[in-house]
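Protein chains in written order, with our numbering: chain A, 1 to 183; chain B, 184 to 366; chain C, 367 to 621.
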Amino acid sequence: MLFREPETAALEALLFVAKNPLSAELLGEILELDVLKIEELLHELRNRYKGDSCGLKLLDINGAYILGTKPEVARYIEILYKQPSHALSNAALEVLSIIAYKQPVTRGEVDFIRGVQSDRALATLVEKGLVKDVGRKDGPGRPILYSTTEQFLLHFGLSSLDDMPNLEEVGLDSEDEAASALE
Amino acid sequence: MLFREPETAALEALLFVAKNPLSAELLGEILELDVLKIEELLHELRNRYKGDSCGLKLLDINGAYILGTKPEVARYIEILYKQPSHALSNAALEVLSIIAYKQPVTRGEVDFIRGVQSDRALATLVEKGLVKDVGRKDGPGRPILYSTTEQFLLHFGLSSLDDMPNLEEVGLDSEDEAASALE
Amino acid sequence: MESQKTVPQVELPAYKGPLDLLLTLIQQEKVDIYDIPIARIADQFVEAIRNMGPMDMEVTTEFLVLAAQLLYIKSRELLPKPPKDEQGQVEEEGLRQELVERLLAYRTFKQAAQELEALETSSGRSYCREVDVEGLLANVEPEDPLKGLSFDALWQAFCRVIERAEKGEEIHHVEPDEIAIDVMLADVLRRVILHPKGMRFYQLMRIGSRMEMVVSFLALLELLQSGKVRAEQLTLLSDIMLFPTKKAWEFTEEE
């Protein structure tokens, strides 16, 4: 256990910097040790990483070795690297709501309803996979038609667009008034 | 020692996967621990790596942390990467020392101090990522200014520029005069 | 000359420049850098360059420049000094002083370079990993951009659109008699579209002026004529109800 310490250190360092898994043969060549000895040192490393306070792990990939992280710590790594997802802007929400209610719809139609340009908000929605291009509208310029995606339905727990609250049912005050007057 | 084991493991894993050194503040945010606690866990890791059979090392670069390999095992890594030892030439070391102590500095200033052209040595240093272009000096020709990089700190095992060996005071004073004669 | 015998020890390619060579010669002579025996050192310097053999032209030039400087200082010192030539005296001192300063500065950084070299061997040469972030995250699902968003928030966004249409900001900010028919046309159509279950004609009025009513009515007539809006009046005295038709969505083509 106490001998071969420098070689164990070198072995660990090699497995640490390796870009691809290293075979026991290659490790043996570099460290000038026979493969059996390498296997022994690898075993020692594997044991060392077993402790709960250790976040590293010896990965054996088709008989070649490399250091990796334990699955238990994966979520922290995700936090480190995940792009903080920015909440959708008000403009994007407005565009999304219009598309949800009146799909398929063109950008020009969305612009008209909102009374302002919606190109940037629309691009964000497409990029985030909430809205997609579903074809082109007949007529001059053949503008692109947009609809919501499955991801949109999934998020709101809707199995289809028919499950969307009805614009007529949810009601606007003035609109309710108007509707009741009508009945 | 025995509590906070999962956090220590996560800390080690974060330092392992980090692309750049991580500050204690960021680590604290990810692990939901205060900075003091992080420092404590870092201390624990540092001690763990002290063993001769350990090839890793906790690097502290400008107050941020990352895992690296110990200097003792460098030659094995150089064999793995099939790189000749990346030790620097004397000329490169001279250029580097001038840049390190006088940064930001132009090539002309370096040349003046050395009394010889330094372009080739400087190009090597830039290529190795030890030195970088940090802008241009005001004045005729607007020459490029060079400074050292984090890679420089790593290469020499320094935590920050403050860890650089002290220069003889006399030397620096007269040198400043000489350099100002150039400007 | 005696000094010439010491010169061949010098292994020239090791010199990093003329200052380095000069410094080495001074160290070999074991003389104070502030009190260089210029005549002797200059000769040694020139001799050393002579022994260099073919070298990089630029490097050779740099050595020659310093050699010339040394020889110049030497010649000044050897010349008998005219008693009243104070300026010459000052100039000579200045040249020597400048040389000393450059040597001192160079020596400082040469030492610093040696210290760095020692550091490189003892504590440096740490290697970090090359991290493949994309690989790390390959199995991670991208975060839901709708995370934390309730349906209510989406609905509120829609209500904001409706409110804005109701307010008709561009209408309010214009004097009623300036309301252009096409502005009013878009405004009326937008509001009718947002009331799929119908809205009363009088709801279109915001200001209530006669001009507004006339322009709104003209806009409505045009919308009725183009078939984008349908009007209903259940009884003679009840309100006129306005509904969007399928054709209401054909406005973009006109824009």
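Glycine included, C-beta positions come from ideal geometry on N, C-alpha and C.
- The C-beta of C/F475 comes closer than 8 Å to at least one C-beta of chain B.
- Boundaries cannot be given for B/K253, as no alpha helix (DSSP H) includes it and DSSP labels it neither H nor E.
- When 8 Å is used as the limit between beta carbons, A/A13 is near these residues of chain B: G238, L239, T252, K253, V256, Y259, I260, in chain order.
- Listed along the chain, the chain C residues whose CB falls inside 7 Å of the CB of B/Y329 amount to none; the nearest CB is some 14 Å away.
- Rounded to whole angstroms, the gap between the alpha carbons of A/A18 and B/F295 is 42 Å.
- Using beta-carbon distances, B/V200 counts as an interface residue toward chain A, with a partner under 8 Å.
- Chain A places no beta carbon closer than 8 Å to that of B/E208, leaving this residue out of the contacts.
- For A/D133, same chain residues with a beta-carbon under 6 Å away, outside a window of 5 residues either side, are I144 in chain order.
- Contact annotation: C/A433 and C/V466 have beta-carbon atoms that are not nearer than 8 Å.
- Closest option to B/G251, judged by alpha-carbon separation, among A/F156, A/A123, A/A9: A/A9.
- For A/R114, the chain C residues whose Cβ falls inside 7 Å of its Cβ are V527, in order along the chain.
- In this structure, the straight-line span from the alpha carbon of B/S280 to that of B/D321 is close to 23 Å.
- Listed in chain order, the positions of the stretch 95-120 of chain A with a beta carbon within less than 9 Å of a beta carbon of chain C are V95, L96, S97, I98, A100, Y101, K102, V105, T106, R107, G108, E109, D111, F112, I113, R114, G115, V116.
- Taking CB atoms only, B/I213 has a neighbour in chain A less than 8 Å away.
- Contact note: B/A306 does not reach chain C at a C-beta cutoff of 9 Å; the least C-beta distance is about 15 Å.
- Annotated three-state conformation of B/L242 is strand, per DSSP.
- In this structure, B/L313 lies away from B/L242, with their beta-carbon atoms at least 8 Å apart.
- Excluding five sequence positions before and after C/V431, the CB atoms of its chain that fall closer than 8 Å to its own CB belong to P384, given in chain order.
- Scanning chain C for C-beta atoms nearer than 7 Å to the C-beta of A/K128 yields P511, reported in chain order.
- For the stretch 318-352 of chain B, the set of residues with a beta-carbon nearer than 9 Å to any beta-carbon of chain A is empty.
- With contact defined as three or more Cβ pairs closer than 8 Å, the stretch 99-114 of chain A and the stretch 522-536 of chain C are in contact.
- Between the alpha carbons of C/A519 and A/A13 lies a distance of about 52 Å.
- For B/Y284, the enclosing alpha helix (DSSP H) stretches over residues 273-285.
- Our two residues, A/N47 and B/S342, have alpha carbons roughly 32 Å apart in a direct line.
- By the C-beta criterion, the stretch 19-26 of chain A is judged not to be in contact with the stretch 252-262 of chain B, since fewer than 3 inter-stretch pairs fall below 8 Å.
- By the CB criterion at 8 Å, C/L600 and C/L555 fall outside the cutoff.
- With respect to C/P610, C/P562 sits close: the two C-beta atoms are nearer than 8 Å.
- B/V293 places its beta carbon 8 Å or farther from that of B/V309.
- Within chain C, E486 have C-beta atoms less than 7 Å from the C-beta of B/A270, given in sequence order.
- In terms of beta-carbon proximity, B/I221 stays away from the interface with chain C, with every pair separated by 8 Å or more.
- Within chain A, G55, V73, Y76 have C-beta atoms less than 7 Å from the C-beta of B/A193, given in sequence order.
- A/P21 is outside the set of residues whose beta carbon lies under 8 Å from a beta carbon in chain B.
- Between B/P254 and C/S492, the CB-CB gap stays under 8 Å.
- With contacts defined as CB atoms closer than 8 Å, A/K57 and A/Y49 qualify as a contacting pair.
- Chain A places a beta carbon closer than 8 Å to that of C/E496, counting this residue as a contact.
- A residue is called buried once 16 or more other Cβ atoms fall within 10 Å of its Cβ, and A/G51, having fewer, is exposed.
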